[in-house]
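In what follows, a structure is listed as structure tokens, so that the remarks can point back to it.
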């Protein structure tokens with residue numbers, strides 16, 4: 316099985332970190348949350364962390380931009396059906 320798209324349920328500390336690593340390594344990521352404010356915060360954290368890596372010369376600006384493009388934020392769990400692999404990083 317070839318994994319191209321990864322779903323991450325939960326955009327909190329663990330979820331956005333998982334999404335960040337997958338996106339940085341070339342995977343398409345569907346980041347799913349229950350409320351827009353949580354999703355926005357998770358995506359903003361990913362952006363800041365990628366920028367920090369650019370500042371430390373661990374990534375180029377182009378690599379950072381490409382990683383950000385790979386992350387799709389969603390509120391509808393049905394979007395996860397398109398994923399090859401899904402990780403739950405949300406409280407129950």
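Numbering (our numbering), first residue to last: 316 to 407. For glycine and all other residues, C-beta sits at the position ideal for the given N, C-alpha and C.
Inset, instruction - Give a yes or no on whether the C-beta atoms belonging to residue 369 and residue 344 are separated by under 8 Å. - result: Within the chain shown, numbered from 1, the residue matching residue 369 stands at position 54. Within the chain shown, numbered from 1, the residue matching residue 344 stands at position 29. Their beta carbons are not under 8 Å apart, which means residue 369 does not touch residue 344 by this criterion.
Inset, instruction - Indicate whether residue 388 and residue 358 have their beta-carbon atoms separated by less than 8 Å. - result: Taking the chain shown and counting its residues from 1, the one referred to as residue 388 is at position 73. Taking the chain shown and counting its residues from 1, the one referred to as residue 358 is at position 43. For residue 388 and residue 358, yes; Cβs fall inside 8 Å.
Legend entry - Three-state class that DSSP yields for residue 387 in the structure shown: Within the chain shown, numbered from 1, the residue matching residue 387 stands at position 72. Looking at residue 387 - three-state DSSP - the assignment turns out to be strand.
Inset, instruction - Using the Cα positions of residue 337 and residue 355, report the straight-line distance between them to the nearest angstrom. - result: Here residue 337 refers to the residue found at position 22 of the chain shown. Here residue 355 refers to the residue found at position 40 of the chain shown. Roughly 18 Å separates the two Cα atoms.
Legend entry - As assigned by DSSP and simplified to three states, the class of residue 328: Position 13 of the chain shown, counted from the first residue, corresponds to residue 328. Correct three-state label for residue 328: helix.
Legend entry - Counted within 10 angstroms of its Cβ, other Cβ atoms place residue 348 as buried (16 or more) or exposed: In the chain shown, counting from the first residue as 1, residue 348 sits at position 33. Classification for residue 348: buried.
Inset, instruction - Assign residue 341 to buried or exposed, taking buried as 16 or more other Cβ atoms, counted over all protein chains shown, within 10 Å of its Cβ. - result: Here residue 341 is taken as the residue at index 26 of the chain shown, counted from 1. Exposed: under 16 other Cβ atoms inside 10 Å.
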